[in-house]
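Below is one structure, written out as structure tokens, with a few remarks after it.
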Amino acid sequence: MKTRSPEKNQAKNEDKKNNQKRQIFSYARIYALASTVGFQIAIPIVVGILGGRYLDRRFGTEPWLMVVCLFLGIVVGIVGLAKLVEDFFGEGK
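Residues in the sequence shown are numbered from 77 upward in steps of one, following the working numbering.
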């Protein structure tokens with residue numbers, strides 16, 4: 077039976093701790109991305125709807141400006157989401 081020197085045991089324990097820290101950091105990044113995704117899509121859509129309703133009331137064009145602003149909000153949300161995902165996965169390269 078082989079016995080390991082205390083230095084090797086200590087190095088192995090440090091490697092395990094470092095791997096655990098990296099794994100926790102990786103999970104934290106995934107959770108951060110997941111929580112950001114909802115806001116990245118929802119905020120522009122809500123702003124588009126509210127802004128469109130305001131403009132419709134102001135100019136008497138119901139519901140056309142709301143529909144246009146809603147689609148703009150959807151586009152802005154999708155573009156922002158694409159950039160967010162690209163940044164998230166691009167950092168690993």
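Where is the CB? At the ideal position from N, CA and C, for every residue including glycine.
As the structure is a computational prediction, the values presented were derived from the model and not from experiment.
Using 8 angstroms for Cβ pairs, my map puts residue i next to residue j. What's the rounded Cβ distance?
i, j, result
"Met-142", "Ile-125", "6 angstroms"
"Thr-112", "Leu-160", "6 angstroms"
Would you kindly check if the distance between the Cβ of residue j and the Cβ of residue i is under 8 angstroms?
i, j, result
"Val-144", "Gly-128", "yes"
"Ile-121", "Gly-156", "no"
Helix, strand or coil for residue i per DSSP?
i, result
"Gly-153", "helix"
"Glu-162", "helix"
"Glu-138", "coil"
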